[in-house]
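Peer 1:
As structure tokens, then:
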């Protein structure tokens with residue numbers, strides 16, 4: 006199945022620059038953690054994970070055509 010990925014900020018270097026969103030072929034069934042593990046994203050660096058615009062856990066399942074957006078911790082002041 007295909008899951009479409011967008012990694013933001015420093016996580017962007019883990020994906021090819023094009024195309025955006027990046028189509029990732031993953032086995033079925035798969036979880037958010039399975040998909041991110043394929044790209045060596047440590048859970049500590051994936052502070053906010055959205056699946057089709059909704060906050061999800063690493064254990065949540067993904068489906069064909071889903072869109073996964075991943076944000077690292079962000080600081081500022």
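In this note's numbering, the protein residues as written are 6 to 82.
Backbone N, C-alpha and C fix where the C-beta goes; we use that ideal spot for every residue, glycine too.
1) Does the distance from the CB of residue 61 to the CB of residue 55 come in under 8 Å?
2) Does residue 64 come out as helix, strand or coil in the three-state DSSP assignment?
3) Give me the Cα-Cα distance between residue 73 and residue 57, rounded to the nearest whole angstrom.
4) With C-beta atoms as the reference, is residue 52 less than 8 Å away from residue 77?
5) Quick one: what's residue 10 bridged to in DSSP?
Peer 2: To lay it out plainly:
1) Translated into the one-based positions of the chain shown, residue 61 becomes position 56. Translated into the one-based positions of the chain shown, residue 55 becomes position 50. Contact: yes.
2) For the purposes of this step, residue 64 is taken as the residue at position 59 of the chain shown. In the three-state reduction of the DSSP assignment, residue 64 falls in the coil class, being assigned neither a helical nor a strand state.
3) Position 68 of the chain shown, counting from 1, holds the residue named residue 73. Position 52 of the chain shown, counting from 1, holds the residue named residue 57. Straight-line measurement puts the Cα of residue 57 at about 6 Å from the Cα of residue 73.
4) Within the chain shown, numbered from 1, the residue matching residue 52 stands at position 47. Within the chain shown, numbered from 1, the residue matching residue 77 stands at position 72. Yes; because the gap between Cβ atoms is below 8 Å, this pair is in contact.
5) In the chain shown, the residue the question calls residue 10 occupies position 5. DSSP lists 27 and 73 as partners of residue 10.
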